[in-house]
Structure formats: C-alpha cells, structure tokens
Amino acid sequence: MPGDRGVVVYFEGVPCLETRNRDHHHLKEIEQWAKQRKLHGTEAAGRFPIMPGEPVLSRVRVRITDDVGTEYRWAGGKVAGTGTEWDGCWGYAPEPPMRAQLLNFEFTLDGEPTGKSCQIQLK
56 MPGDRGVVVY
66 FEGVPCLETR
76 NRDHHHLKEI
86 EQWAKQRKLH
96 GTEAAGRFPI
106 MPGEPVLSRV
116 RVRITDDVGT
126 EYRWAGGKVA
136 GTGTEWDGCW
146 GYAPEPPMRA
156 QLLNFEFTLD
166 GEPTGKSCQI
176 QLK
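For what it's worth, my numbering labels the leading residue of the sequence shown as 56, then goes sequentially.
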C-alpha cells in the first residue's frame, strides 16, 4: 500500500476459454446497462456491471508466515477482471523483520487451503 512497508503479493489469472467467455458475457452486460441508462437514466440502469474477475479472484487469499514467527495481517488489496485485467494484489503488514530468512505463502480459496504454496528465500 502506498507509503506503507510490508509484503505485496501480485497475481494474474491465465487467459483461457473460461475467462474469454466471462469477458464476452461482461461486455454484453455493459451494452445492456448502457442501453438502459440511455433509455431510462443512470438511476434506473442500476449499478455498473461487476468485472468478471472480481467474484472469482476475490475468493483467493494468501496466508503469509516466516521462519521467525511474525504475524502478518491483510492490509488491503484489489482485484480486477476485464480483458487482460484478470489480476490483483494484496498488501500485508508488517514488513518482514531483518532476521527473517524465509517467507511462506499458502494460498486459500474461501478461507480453505488449496494445497498450493511457495517459499521465498530472503537471504
């Protein structure tokens, strides 16, 4: 997060038939929304359609640990998902302490472990 120190995790979804189908459906929703807005006004058109990656990627999180027992907390993030924007980033605090040598990342879906993880050697 700007001005803060910590760990930032960036990720991208791999374009595939599923993402293309969701993007195509989203474009149709935008066209319908624009038509309603033109005919009946902004209030009647309702909320602008949610990007297709948001309901998918917002379910993903990462649990961070290190070799010295630091407690990392989620500080914020964003996800997007139209066209090539199937990506996101999360910020975690605090910054790893100088004595930490290894960061562990455990990925979750709806709070449950996915079995996918990685480690980053800091020193």
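Every residue, glycine too, gets a C-beta built ideally from N, C-alpha and C. Quick caveat, the model's predicted, so the values are computed rather than measured.
Where does Leu72 sit, in a helix, a strand or coil, going by DSSP?
Taking the first residue of the sequence shown as 1, we reach residue 72 at position 17. Helix, per DSSP.
Compute the distance between the beta-carbons of Gln174 and Leu158, then report whether it is under 8 Å.
Taking the first residue of the sequence shown as position 1, residue 174 is located at position 119. Taking the first residue of the sequence shown as position 1, residue 158 is located at position 103. Yes; because the gap between Cβ atoms is below 8 Å, this pair is in contact.
Can you tell me whether Arg77 is buried or exposed? The criterion is at least 16 other CB atoms within 10 Å of its CB, across all chains shown.
Here the question's residue 77 lines up with position 22 in the sequence shown. The Cβ neighbour count for Arg77, taken over all protein chains shown within 10 Å, is at least 16; the residue is labelled buried.
Using three-state DSSP, classify Ala155 as helix, strand or coil.
Position 100 of the sequence shown, counting from 1, holds the residue named residue 155. If DSSP states are grouped into helix, strand and coil, Ala155 belongs with coil.
Determine the direct distance from the alpha carbon of Glu73 to that of Pro104, and round the result to whole angstroms.
By 1-based counting over the sequence shown, the position of residue 104 is 49. By 1-based counting over the sequence shown, the position of residue 73 is 18. Cα to Cα, the separation comes out at about 18 Å.
Considering only the beta carbon of each residue, do Gly61 and Glu161 sit closer than 8 Å?
Residue numbering aside, residue 61 sits at position 6 when the sequence shown is read from its first letter. Residue numbering aside, residue 161 sits at position 106 when the sequence shown is read from its first letter. Not a contact, by the Cβ cut-off of 8 Å.
Nonlocal neighbours in the same chain, by C-beta distance under 6 Å from Trp141, ignoring five residues either side
Counting from 1 along the sequence shown, the entry for residue 141 is found at position 86. Counting only Cβ-Cβ distances below 6 Å, and skipping sequence neighbours, we find Gly68, Thr74, Gly108.
Just verifying my parser: in three-state terms, what is the DSSP assignment at Ala130?
For the purposes of this step, residue 130 is identified with residue 75 of the sequence shown, where counting begins at 1. In the structure shown, Ala130 sits in a strand (DSSP, three-state: E or B).
Gly146 bridges to which residues according to DSSP?
Working through the sequence shown from its first residue, we reach residue 146 at position 91. Answer is Val63, Gly131, bridged to Gly146.
Below 8 Å on the Cβ atoms is my guess for Gly146 versus Ala135; work out the distance and round it to an integer in Å.
Counted from its first residue, the sequence shown places residue 146 at position 91. Counted from its first residue, the sequence shown places residue 135 at position 80. Wrong, their Cβ atoms sit about 16 Å apart, outside the cutoff.
What whole-angstrom Cβ distance do Thr125 and Ala155 have, given they're in contact under 8 Å?
What you label residue 125 is simply residue 70 of the sequence shown in a count that begins at 1. What you label residue 155 is simply residue 100 of the sequence shown in a count that begins at 1. 6 Å between Cβ atoms; contact.
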